[in-house]
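One structure below.
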Amino acid sequence: MATVTNWIEHLSAEKVQGAVYPGVGTEGILVLIAFVIWIGWTVISARQETEKLEKLARKRHGSNDWKNNVTDG
Amino acid sequence: MTDELGALTTIFTEFYYWITVVLMFLIHVGFCMYEVGASRYKHHQHTLMKNTMLIPLVTVTWFLFGWWIYWAFPTGPGLAPSIMNESAALITDDSTFSAKWYVPTSDLMAVNLGDHISGVFWAAFLLFSWTAASIVSGAVIERITTFAFGILAIAIGSVFWTIDAAWGWHFDGWMLKILGYHDAYASGVIHAVAGGFALGVLAVLGPRIGKFSSSGEPRNIGPRNPWLVTIGLFLIYTGFWGFYAACNIPIFNLGPEYGMEGVTYFTATNIYVTPTTLSGITMNFLMSLSGGLLAGYVISRGDPFWTYSSGLAGIICASAGNDLYHPIQSMIIGMIGVVIAYKLHYWVERKFKIDDAVGAVAVHGYAGFAGLVICGFVLNGYPSSGYSVGAMWDGSNYAAINPLGMFIGALIMFVVLGFIPGWILAKVLHGMGKLRIPREVELAGLDYEIMEAAKEDEKSVASASR
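Below you can see the structure in the form of C-alpha cells.
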C-alpha cells in the first residue's frame, strides 16, 4: 500500500513521482466509494426526514404550542 | 522545485490561496448566523442544519464533478474555440488547463509533490460554490425540506454556477470572446445566478404561512435576533475580503503570457489574466461597501436589516468592474445597486407574492444583475482579455466589453443558468411531494420535538435530589 518507503531514494530519483498517497492506482475504486457514500447518505437521511416530518405532522400541534417547550436555559 | 525564486513564487501562491479559503470560511459562518437570526425560534436548529449540511454535499460533488465542469466547459461546448487547442469541443485533451487533469481519479486531485496549486485553487472555487448555495438557503428558510435543499444546493453549487464560471469567468470562456463579458469579482457568476436560482425556487415553493394576508398584503416577519444577523453580516463582509483576493492571481508575468517578445511584466491579475492590483481593488471594495451602506440607510430609513444587507449589495453591484473602476465610481455604482435591489424586492413581493425571507434575491440577484449592466456602460471599450481584441459575435478573438454583451450576459446568469434551472428543479421536487414540509410541521415548528425533548431533560434534571 505504501507508495513511499524511503524519502531519500524517492526524492533523489531522476524523475520524482508526485503522487505520494497510499494506494496510487486505486483512485477509481476510491471515487466509486465516494459516490456510494454520497448517494447512500442522501437516501438514508431523506428517509429519516420523511419519518420525522410525518410523525410530527400527525400530532397537529398549534402554532404557539412550542412555547410550552421553552427551557429556562 | 529546484530553484529558490521559482519555489518562493509557487509557495507564496499556494499560501495566498490557502489564506483566502480560511477567510472565505467566514462567509459561511456569517450566512449560518444570519439565517438563524432571521428565522423564528421554533425553526432555529433546522435552519442551521440545513445550511451546515450543504458544506459536505457541495464539497463531495465538487470533488466528483463540479471542478471538472469548470475546466471542460469554457467553449460552451460548440460556441467558441479554445485558445489552447482551437477546438470548440469540451476541453478534455492534453492541454495545460484541460479538464482531463481534474477528473476525480486524477493524481493531481490529491497530495502531489509536483503540484502545489491545484488543491488550493480547487478549494477557493469550492468556497465560491458554498456561497452560491448558501445564498439560496436564506431565501427558503422555515418551509423547505432538507432533502430538497440538498438537491438544490448541489445543483447550484456544483453544476450551474460552475457552468457559468466556465463560460464567463475563465480566461478561455466563450462569453468573453462572443459577448465581451467581464465580471471580475462575480456580480453575475456567483450573485446573479444564485439570486435568479433562488427566485425560481421561491416561485414554486410559495411563501411562509402567514406572510401574506387574505387580501394579498405582505406582512413583515422580521429577524428574531437582530444581533446575530448583525454579526453574521459583518462576518460575511470579512469573508468577502478573502473572496476578492481569491478572484485574483497574485503574481503573473504577462509579457510571455501575451506573447510579447522580450517583455517582462509581473503583476497581479484578475481571473481573466488581465492586470489589476490588490491595492486598488481594496479601495474599491471599501468604497462600494460604503456606497451601499449610505444608500441603504437612507432608502430603508435606518432599518438595520436593510442597511447591513445594502453594504453587501453595494459591493456585489460594483464587483463586476471593481478591478478597473475608480473608487468613487465604485461607491456610486454601489449606491445605484442598492436602490434597484430595495425597490425591486418590494415590488416583486407585492406583485408576485414572493416571500424571500432574507432578501437574498434582491441583495445578490438584482444587485448582481444591475452591476453587470452598469459595468457594460462604464467599462465600454475595454478589452475583455489581454490575449487578443476582436469583434462581438466573432468568437475567434475576444470582443471588447460593451453594454449589449453585458446585458445578454446578465440574462444568461440570472435567467438561463439561474431562474430556469431553479424553477424546473423545484417543480420536479414539488411533483415528488418532497419540496415543502407539511403545513402542520410549519405551524408547529421544525424544532418542536427537539425542544420538547430538551424540556423533558430539564424537568428530570430539576426534579433530581442529588
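Protein chains in written order, with the numbering used here: chain A, 1 to 73; chain B, 1001 to 1466. Even for Gly, the Cβ is constructed at its ideal location relative to N, Cα and C. Because the structure is a prediction, the values reported are computed rather than measured.
Asked: Cβ of Gly1532/B within 8 Å of Cβ of Ala1367/B?; Found: Coverage of chain B is limited to positions 1001 through 1466, which leaves residue 1532/B absent and any answer about it impossible.
Asked: Measuring CB atoms only, is the stretch 1384-1404 of chain B touching the stretch 1204-1213 of chain B, in the sense that at least three cross pairs come out at less than 8 Å?; Found: no
Asked: Where Val20/A and Ala1007/B are concerned, what is the direct C-alpha to C-alpha distance, given to the nearest angstrom?; Found: 19 Å
Asked: Identify every residue that forms a DSSP beta bridge with Ile1011/B.; Found: Answer is none; Ile1011/B lacks a bridge partner.
Asked: Val1189/B to Ala1268/B, Cα distance in whole Å?; Found: 21 Å
Asked: Give me the Cα-Cα distance between Trp1071/B and Leu11/A, rounded to the nearest whole angstrom.; Found: 31 Å
Asked: Taking Cβ positions only, does Met1335/B come closer than 8 Å to chain A?; Found: no
Asked: Can you find a C-beta in chain A that's less than 8 Å from the C-beta of Val1111/B?; Found: yes
Asked: Please list, in chain order, the chain B residues whose beta carbon lies closer than 8 Å to that of Glu14/A.; Found: None at all; the shortest Cβ gap to chain B is about 13 Å.
Asked: Closer than 9 Å, Cβ to any Cβ of chain A: which residues of the stretch 1112-1143 of chain B, in chain order?; Found: Asn1112, Leu1113, Gly1114 and Asp1115
Asked: Is there a Cβ from chain A that is less than 8 Å from the Cβ of Gly1445/B?; Found: yes
Asked: Closer than 9 Å, Cβ to Cβ, to anything on chain A: give me those residues from the stretch 1055-1079 of chain B, in chain order.; Found: Pro1056, Leu1057, Val1060, Thr1061, Phe1063 and Leu1064
Asked: Between the alpha carbons of Trp38/A and Gly1422/B, how many angstroms are there, rounded?; Found: 22 Å
Asked: Mark Ile1178/B as exposed unless 16 or more other C-beta atoms lie within 10 angstroms of its C-beta, in which case mark it buried.; Found: buried
Asked: Can you tell me whether Gln48/A is buried or exposed? The criterion is at least 16 other CB atoms within 10 Å of its CB, across all chains shown.; Found: exposed
Asked: Can you list the residues of chain A that Glu1449/B reaches, using a CB-CB cut of under 7 Å?; Found: Leu56
Asked: Comparing alpha-carbon positions, which option in Trp1174/B, Phe1369/B and His1170/B lies nearest Ala1341/B?; Found: Phe1369/B
Asked: Taking a contact to mean a Cβ-Cβ separation below 8 Å, would you say Val1338/B touches Ala1391/B in this structure?; Found: no
Asked: Going by Cα to Cα distance, which pick from Ser1098/B, Arg1143/B and Ala1123/B is closest to Val1441/B?; Found: Arg1143/B
Asked: As a quick exercise: from Thr1162/B, Leu1278/B, Asn1402/B and Arg1350/B, pick the residue whose alpha carbon is nearest that of Ile1249/B.; Found: Leu1278/B
Asked: Counting contacts by CB-CB distance shorter than 8 Å, is Gly1474/B in contact with chain A?; Found: Absent from the structure is residue 1474/B, since the part of chain B shown begins at 1001 and ends at 1466.
Asked: Can you check whether the C-beta of Thr5/A is within less than 8 Å of a C-beta belonging to chain B?; Found: no
Asked: Taking the beta strand (DSSP E) that Pro1250/B belongs to, which residues open and close that run?; Found: Ile1249 to Asn1253
Asked: Kindly indicate which residue of Ala1124/B, Ile1141/B and Trp1130/B has the alpha-carbon position closest to the one of Glu1035/B.; Found: Ile1141/B
Asked: Taking buried to mean at least 16 other C-beta atoms within 10 Å of its own C-beta, is His1028/B buried or exposed?; Found: buried
Asked: Rounded to whole angstroms, what's the CA-CA distance from His1046/B to Phe1352/B? Just pull it up for me.; Found: 27 Å
Asked: Should Met1175/B go down as buried or exposed, given a rule of 16 or more other Cβ atoms within 10 Å for buried?; Found: buried
Asked: Going by alpha carbons, who is nearest to Gly1433/B out of Lys67/A, Glu54/A and Thr3/A?; Found: Glu54/A
Asked: What is the residue span of the beta strand (DSSP E) that Phe1266/B lies within?; Found: Phe1266 to Thr1269
Asked: Can you find at least 3 beta carbon pairs, one from the stretch 1042-1060 of chain B and one from the stretch 1149-1167 of chain B, that sit closer than 8 Å?; Found: yes
Asked: When the Cα atoms are used, what is the spatial distance from Phe1240/B to Val1378/B?; Found: 23 Å
Asked: Near Val31/A, what residues of its chain come up, given a Cβ to Cβ distance below 7 Å and the 5 sequence neighbours on each side ignored?; Found: none
Asked: Taking only three categories from DSSP, how would you classify Asn1112/B?; Found: strand
Asked: Reducing DSSP to helix, strand and coil, say where Pro1074/B ends up.; Found: coil
Asked: Could you compute how far the alpha carbon of Gly1030/B sits from the alpha carbon of Glu1261/B?; Found: 47 Å
Asked: Under 9 Å between beta-carbons, which chain A residues line up against Thr1145/B? List them in chain order, please.; Found: Ala46, Glu49, Thr50 and Leu53
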